[in-house]
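Engineer: Mind looking over this structure? Questions follow.
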Amino acid sequence: MSGGHFNYIQDAIDEAALETSSLIEGYKQTCATNTILRLEETVQVLELASLMLQRADWFISGDDGEDLFNKRWDALVLYKSVYLYTRKRN
-9 MSGGHFNYIQ DAIDEAALET SSLIEGYKQT CATNTILRLE ETVQVLELAS LMLQRADWFI
51 SGDDGEDLFN KRWDALVLYK SVYLYTRKRN
């Protein structure tokens, strides 16, 4: 798969998620729990956005057909969305 329609900005989104995640620990002693939870949620949303953009990129670039796009969306994006939603609730 090559993709590239969006100039691989999903990689930059992944980097932002990783960097934010690594910085959270440093804020745990000085910030309220709610602030830390929102930073952690930011990481989750970035990870999901990157995954969604990757799937769209491969479809728009012609690497995946419509059927494969929808199968991958269902298998990965919807699964991760449900996982993140239930994780927030627990």
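Residue numbers (my numbering): -9 to 80.
Backbone N, C-alpha and C define an ideal beta-carbon position, used for all residues, glycine too.
(1) Please state whether DSSP places ASP53 in a helix, a strand or coil.
(2) Leaving aside the five residues before and after ARG62 along the sequence, list all residues of the same chain whose C-beta is less than 6 Å from its C-beta, in chain order.
(3) Nearest CA to the CA of THR10: which residue from LEU68, LEU27, HIS(-5), PHE(-4)?
(4) Here's a check: name, in chain order, each residue in its chain whose Cβ is nearer than 7 Å to the Cβ of LYS18, leaving out the five neighbours to either side.
(5) Comparing alpha-carbon positions, which option in GLU5, GLY52, GLU56 lies nearest VAL35?
(6) For THR76, does the three-state DSSP call read helix, strand or coil?
(7) What is the rounded straight-line gap between the Cα of SER12 and the Cα of TYR(-2)?
Structural biologist: Put simply:
(1) coil
(2) ARG45
(3) LEU27
(4) ILE26
(5) Taking the Cα of VAL35 as reference, the smallest distance to any Cα among GLU5, GLY52, GLU56 is reached at GLU5.
(6) helix
(7) 22 Å
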